[in-house]
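These protein sequence lines are chains Z and R, in that order.
1 is the number of the first residue of the first sequence in the UniProt record's numbering; add one for each residue after it.
1 is the number of the first residue of the second sequence in the UniProt record's numbering; add one for each residue after it.
One structure below.
Number of protein chains: 2
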Amino acid sequence: MTDETADLRTRNSQATREAIGHAALRLAIEQGPNGLALVRVHDIAAAAGVSPRTYNNYFSSRGEAICAFQADQSKRAGKALRARPAGESLTEAITAAVIELYTDPEPDRAGLSMIMLTPELEGEALKAFTMAEGPLADAIAERTDGDGDLFPAVTAAAVAGAVRVAGRRWLEPGTSEPFAAILRRALSHVLPD
Amino acid sequence: MTDETADLRTRNSQATREAIGHAALRLAIEQGPNGLALVRVHDIAAAAGVSPRTYNNYFSSRGEAICAFQADQSKRAGKALRARPAGESLTEAITAAVIELYTDPEPDRAGLSMIMLTPELEGEALKAFTMAEGPLADAIAERTDGDGDLFPAVTAAAVAGAVRVAGRRWLEPGTSEPFAAILRRALSHVLPD
DNA sequence: CGCACCATGTGCGCGTCACGCAATTTCTAT
DNA sequence: ATAGAAATTGCGTGACGCGCACATGGTGCG
């Protein structure tokens, strides 16, 4: 892995960040999409084993904490694309990278529902998915070597949008199709043949 | 116009909504992208000539008020596409509709900068642009008569993303190219030839 | 033409939150 | 082992979101 653990200190703090995020999402799921107001900062902090003030050092809103996992996942989009072999076409590489990134384990239905289907979280959820765009655009630009200057960013945005739509689709009741399949179909509409 | 003025009462309340939104955006611009915290609810309400409590009846956060104009504009995307003649191809129709919608007057640079370049507004800004997706997807579905079930939503998301990217591009310092031209180029990357 | 009705505007008050500040604990590096 | 930085924490403050109740004004009925 290219992850050289960076700093041991940094690692530790990322661990607590994850702990807080995980606790926040878990509590939110327990209360359901309509009881988000009942998830108090105090409870999140307690569940994560930190002080409320510390929670606030890592996140500046409950929504941010709840969506942290999704956001962190999206941030890895660039790395995922770069990990694809150079032999693949851009479309193949993006498709494979995105599918691998978002289905490493099949996502948690409850968690994704909470994030994508709760109105109060809409803004944070969009931020979380949109976070993939920057890194992804950079990685695309590297692969295409200055195609059009707008192409990488636009494609990245389209891909992020396709992922979101695929997620919504996968969450619809009575969907047995695996997420990867839906994702592949969604991406086929925005990527060059 | 299909706008039948609906109700006179409704009209009035939409007027105050606009007034509040306009006031919020104006005050935000005055303070610049770094002084958003200084834009108090009290000031917005005062500038709009309503009570702070009334402001809160229309918007549940400052960001929502500031981005209201952009959000309302995006909501008209479906209508804009439906207004295109049936003879046009889907790509032509979408391109024309989007350009017309977002450049009816050339957008206000200060306002768009505030919305798109202020970190605290990122979530709300994304919501504002994403609001075009639903209506747009419906309108696309009507034009294509059940192409693929994912196609309309994915395309709408890609278009909304392209608009966002085009906006960012247009805001970059030293850009003299008209927004419509950038928009057209951006859309060409996500729409079928 | 008047009356009852509903939507909107407003004042008040409560609970929560985000965050600056400063003391304290914890951990790393030499 | 020790100096020093980073992280955790407590406290205090200002603002906010919103429920509640009341006033007001436009609307549609009889």
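Glycine included, C-beta positions come from ideal geometry on N, C-alpha and C.
A158 (chain R) sits away from A137 (chain R), with the two beta carbons spaced by 8 Å or more.
Proximity of K127 (chain Z) to chain R, defined by a Cβ-Cβ separation below 8 Å, is satisfied. Distance from the Cα of A37 (chain Z) is smallest, within the candidate group Z:A48, Z:A24 and Z:A47, for Z:A24.
Runs of the alpha helix (DSSP H) lying entirely within the region 56-95 of chain Z and spanning at least 4 residues, in chain order: 62-66, 68-75 and 77-82. Counting only Cβ-Cβ distances below 8 Å, L150 (chain Z) has contacts in chain R at V165, A166, R169, I182, R185, A186 and H189, in chain order.
Neighbours of E122 (chain Z) across chain R, judged by C-beta separation under 9 Å: G123, L126, K127 and T130. Residue state for R9 (chain Z) is assigned as helix, using DSSP reduced to three classes. Distances from the alpha-carbon of A128 (chain Z) to those of Z:C67, Z:Q31 and Z:N34 put Z:C67 closest.
In the DSSP assignment, M131 (chain Z) falls outside any alpha helix (DSSP H) and carries neither an H nor an E. Nearest CB-CB separation between A160 (chain R) and chain Z: below the 8 Å threshold.
E106 (chain Z) places its beta carbon 8 Å or farther from that of A80 (chain Z). Taking 8 Å as the threshold, the shortest C-beta distance from T103 (chain Z) to chain R does not fall below it. In this structure, L121 (chain R) lies away from G161 (chain R), with their beta-carbon atoms at least 8 Å apart. Within chain Z, the residues placing a beta-carbon under 8 Å from that of T155 (chain R) are H189 and V190, ordered along the chain. Distances from the CA of S113 (chain R) to each of R:L171, R:N34, R:A125 and R:A48 were compared; the closest alpha carbon is that of R:L171.
One alpha carbon belongs to A132 (chain Z), the other to G78 (chain Z), and they sit about 7 Å apart. Residue state for T118 (chain Z) is assigned as coil, using DSSP reduced to three classes. Close CB contacts of V50 (chain Z) within its chain, under the 7 Å cut and outside five residues either way in sequence, are with T16 and I20 (chain order). C-alpha of T130 (chain Z) to C-alpha of R53 (chain Z): approximately 28 Å in a straight line.
Assigned with DSSP and collapsed to three states, H42 (chain Z) falls in helix.
Where T155 (chain R) is concerned, the enclosing alpha helix (DSSP H) starts and stops at F151 to L171.
Distance between P135 (chain Z) and A93 (chain Z), taken at the CA atoms: about 15 Å. In the structure shown, the three-state DSSP call for P52 (chain R) is helix. In the three-state DSSP reduction, H189 (chain Z) falls in the coil class, being neither helix nor strand. Of the other Cβ atoms in all chains shown, 16 or more fall within 10 Å of the Cβ of E124 (chain R); this residue is therefore buried. Annotated three-state conformation of E124 (chain R) is helix, per DSSP.
R185 (chain R) and I44 (chain Z) have their C-alpha atoms some 46 Å from each other. Between V39 (chain R) and Y55 (chain R) the beta-carbon gap is near 12 Å, outside 8 Å, which marks them as no contact.
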